[in-house]
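Novice: I have a structure here, written as structure tokens, and I will follow up with some questions on it.
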Amino acid sequence: MARLWIKDDSGEWAVLPLVPSASFYPLSANPLRALNAAGTIDSAACETVLVSSDSPDDAGWNEGGWLLLSPSRSGVLVNGLPVSAGIRLLEDGDEIRVSGSGIFYFSAERAARPETFRPDSKEASSARCPRCLRTIRDGETVVRCPRCGVLHHHLLGEGYACWTYADGCAVCGGSTSLADEPEWSPDEF
Ligand SMILES: [Zn+2]
Ligand SMILES: [Zn+2]
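When we follow the working numbering, the leftmost residue of the sequence shown carries the number 6, and every step to the right adds one.
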């Protein structure tokens, strides 16, 4: 799930999961309070907002993008540059500076979620689980590594759970937790 990192009054980073069904999040002079009350804009200070670029899927989530909407006179900077035309599709790691409100970091990190493998023509010939080195077949349950995108079996008939077999992805070492915990933080910059 995409997240927004916010530096709060104490100088500590706080993290806010961005829920697509919340529609939009104002980046106001009191970001934490305003963000926790996402969905209400009641002040001129909330002229800069984040909006989901896709409608939520059946589960209320999507993995689509987030748009930053900001009037050019607002003085908002993304990675040090003004928001041209007042709109920008945020990318992982973008730094958003809102004058009077502070610094935000956008994280597009995705959660590892079990899904049913339905090969497209491109993947059909090459989908091989990097843990057990066996071919992944149509209809098997898989987890796509959020970091490197490589598919792993999730549960095989014999009881193997290739994705959660180890703490790290067999290819990139990224966390194999199925809990939607942030792996990334602004401190890594
Ligand atoms: Zn496997
Ligand atoms: Zn990986």
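Yeah, the Cβ is synthetic: ideal placement off N, Cα and C, and Gly gets one too.
If you're wondering where the values come from, they're calculated on a predicted model, not measured in any experiment.
I need the DSSP call for PRO25, collapsed to helix, strand or coil.
Specialist: helix
Novice: Based on the DSSP output, what are the partners of ALA132 in its beta bridges?
Specialist: The partner list for ALA132 (beta bridge, DSSP) is empty, contrary to what the question assumes.
Novice: Determine the contact status of PRO151 and GLU114, defining contact as a CB-CB distance below 8 angstroms.
Specialist: yes
Novice: If contacts are defined as beta-carbon pairs under 8 angstroms, then LEU74 and VAL56 qualify, I think. What distance do you get, rounded to the angstrom?
Specialist: 6 angstroms
Novice: Ligand 1 and ARG136: does the residue's C-beta get closer than 7 angstroms to at least one heavy atom of that ligand?
Specialist: Result yes, Cβ under 7 angstroms from ligand 1.
Novice: Measuring only the C-alpha atoms, how far is TRP66 from SER58?
Specialist: With a pLDDT of 47 at TRP66, under the threshold of 50, the modelled position of this residue cannot be trusted; read the value that follows with caution. Going by the C-alpha atoms only, they are around 12 angstroms apart.
Novice: Comparing alpha-carbon positions, which option in ILE141, SER112, ALA117 lies nearest PRO124?
Specialist: ILE141
Novice: Contact check, THR169 vs LEU183 under 8 angstroms by CB: the rounded distance?
Specialist: 7 angstroms
Novice: Based on the DSSP output, what are the partners of SER180 in its beta bridges?
Specialist: GLY173
Novice: Following the continuous beta strand (DSSP E) through ARG102, name the residue where it begins and the one where it ends.
Specialist: Where ARG102 is concerned, the enclosing beta strand (DSSP E) starts and stops at 100–103.
Novice: Give every residue whose Cβ lies closer than 6 angstroms to any heavy atom of ligand 2, listed in chain order.
Specialist: CYS150, ARG152, CYS153, VAL155, CYS174, VAL176, CYS177, GLY179
Novice: Starting from the Cα of PRO119, find the closest Cα among TRP71, GLY144, ASP172 and give me that residue.
Specialist: Nearest to PRO119 by C-alpha distance, out of TRP71, GLY144, ASP172, is GLY144.
Novice: Take the Cβ of THR181 as the centre, count every other Cβ of all protein chains shown within 10 Å, and call the residue buried at 16 or more, exposed below.
Specialist: buried
Novice: Please classify ALA90: does DSSP put it in a helix, a strand, or coil?
Specialist: helix
Novice: Taking 7 angstroms as the cut-off, is the CB of ARG142 close to at least one heavy atom of ligand 1?
Specialist: no
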